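Written out below as structure tokens is the structure these notes cover.
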Amino acid sequence: GQQVMQIPQYQHVQEGEDFTTYCNSSTTLSNIQWYKQRPGGHPVFLIQLVKSGEVKKQKRLTFQFGEAKKNSSLHITATQTTDVGTYFCAGPSAGGTSYGKLTFGQGTILTVHP
Amino acid sequence: GAVVSQHPSRVICKSGTSVKIECRSLDFQATTMFWYRQFPKKSLMLMATSNEGSKATYEQGVEKDKFLINHASLTLSTLTVTSAHPEDSSFYICSAAGQSTYGYTFGSGTRLTVV
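Chains as they are written, first to last, in our numbering: chain A, 321 to 434; chain B, 3 to 117.
Next comes the structure, spelled out in structure tokens:
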């Protein structure tokens with residue numbers, strides 16, 4: 321079945337350092353979504369990428385969707401303690417339609433040392 | 003923005019009892035809602051897809067008679083954990099998406115502890 325792999329599983333950085341998490345799907349995705357879950361909280365939608373090669377920015381966060389629409393990355397520039405949390409990528413499950421079920425990556429747990 | 007309200011946030015119950023968790027979309031209609039289970043520091047495991055007015059679709063390995071899902075309206079889905087056992091202790095989260103929303107909105111989750 322479809323798999324969405326995400327690496328690394330953990331990332332510890334010093335405040336001010338950059339951070340990147342990578343997401344790879346076993347199948348081509350119609351879109352990819354990114355979520356952030358703060359410790360003890362619930363996932364919060366960050367962004368959706370749809371086009372091949374798409375790059376979107378949200379302040380210090382840069383999201384990329386690969387040309388083949390099978391991989392994606394999230395890069396945070398100059399991390400802050402408020403960036404702490406788990407970052408998940410998610411893509412529509414194989415055969416899924418809009419508002420259908422998602423397959424989530426394993427998540428990357430980011431800790432930031434002040 | 004879209005808001006999904008989930009209650010209760012925490013519940014402790016005795017083994018053998020049942021627990022109902024509610025998930026409401028407050029400002030949009032959700033034809034479909036999803037129920038996930040999450041273990042500490044792990045990803046979200048989809049349990050079932052809740053469809054308004056029809057039976058839920060369960061993922062492989064999820065017991066439908068144990069995890070009862072009802073989606074009686076476009077704004078409410080409930081998950082009932084029946085005859086709960088300690089191994090059912092977990093973090094349960096619902097999510098929903100609608101035509102007026104962007105991405106999926108998650109409820110705040112329910113931490114269930116079965117003693």
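Yeah, the Cβ is synthetic: ideal placement off N, Cα and C, and Gly gets one too.
These numbers come from a predicted model, not from an experiment.
What is the DSSP secondary structure of residue i, reduced to helix, strand or coil?
i	result
Thr51/B	strand
Pro88/B	helix
Thr402/A	helix
Ala74/B	strand
Phe118/B	Look at the range of chain B in this structure, 3 to 117, and you will see that residue 118/B is not part of it.
Lys43/B	coil
Ala58/B	coil
Tyr106/B	coil
Ser350/A	coil
Ser392/A	strand
Ser418/A	Confidence in Ser418/A is poor, its pLDDT being 49 and thus under 50, which makes the residue's placement too unreliable to answer from.
Gly425/A	coil
Mind checking who residue i pairs with in its DSSP beta bridge?
i	result
Val375/A	Gln384/A
Arg12/B	Arg113/B
Tyr355/A	Phe365/A, Phe408/A
Lys68/B	In DSSP, Lys68/B forms no bridge with anything.
Ser345/A	Val324/A
Val21/B	Val83/B
Gln331/A	Leu430/A
Val5/B	Answer is none; Val5/B lacks a bridge partner.
Thr340/A	His395/A
Ser97/B	Phe36/B, Phe108/B
Sorted by chain position, which residues of the same chain lie with C-beta nearer than 8 Å to residue i's C-beta, five sequence neighbours on each side aside?
i	result
Thr84/B	Ser20, Asp67, Lys68, Phe69, Leu70
Leu422/A	Gln353, Ala410, Gly411, Pro412, Ser413, Gly416
Gln378/A	Leu366, Ile367
Val333/A	Phe339, Thr399, Leu430, Thr431, Val432, His433
Val117/B	Ile14, Cys15, Lys16, Ser17, Pro88
Gln331/A	Phe339, Thr341, Thr428, Ile429, Leu430, Thr431
Gly118/B	A question about residue 118/B goes unanswered here, because the residues of chain B that appear run from 3 up to 117.
Ser11/B	Ser110, Gly111, Thr112, Arg113
Val64/B	Met49, Ala50
Short of 7 Å in beta carbon distance, which residues of its chain neighbour residue i, apart from the five on each side in sequence? Order them along the chain.
i	result
Thr417/A	Only weak support is given to the placement of Thr417/A: the predicted model assigns it a pLDDT of 48, under 50, and the value that follows is read from those uncertain coordinates. Excluding positions up to five away in sequence, the list is empty.
Arg380/A	Ile396, Thr397, Ala398
Leu369/A	Asn351, Ile352, Lys376, Phe383, Phe385, Ser392
Gly405/A	Lys356, Gln357, Arg358, Pro359, Leu430
Thr51/B	Thr34, Phe36, Ala58, Thr59
Given residue i, which residues of its chain have a CB within under 6 Å of its CB, disregarding the five upstream and five downstream residues?
i	result
Ser345/A	Val324, Lys390, Gly411
Val375/A	Gln384
Pro434/A	Glu335, Thr401
Val5/B	Leu28, Asp29
Ser372/A	Glu387, Lys389
Leu46/B	Tyr38, Gln40
Ser79/B	Cys25, Met35, Ser52, His73
Checklist entry - Taking a cut of 7 Å between CB atoms, which residues from the segment 35–52 of chain B lie near chain A? => result Phe36, Lys43, Ser45, Leu46, Leu48, Thr51
Item to check | Chain-ordered residues of the segment 380–409 of chain A with a beta carbon less than 9 Å from chain B | outcome: Thr406, Phe408
Item to check | Selection of the segment 8–39 of chain B by Cβ proximity to chain A, strictly under 7 Å | outcome: Thr34, Phe36
Checklist entry - Which residues, in chain order, does the segment 80–103 of chain B contribute to contact with chain A at a C-beta distance below 7 Å? => result Ile95, Ala99
Next on the checklist: Under 9 Å, CB to CB, which of the residues in the segment 363–381 of chain A have a partner in chain B?
Outcome noted: Pro363, Val364, Phe365, Leu366, Ile367, Gln368
Next on the checklist: If the cut-off is 8 Å on Cβ atoms, which residues from the segment 103–116 of chain B count as contacting chain A, listed in chain order?
Outcome noted: Tyr104, Gly105, Tyr106, Thr107, Phe108, Gly109, Ser110, Gly111
Item to check | Interfacial residues, the segment 328–360 of chain A to chain B, with Cβ spacing under 7 Å | outcome: Gln353
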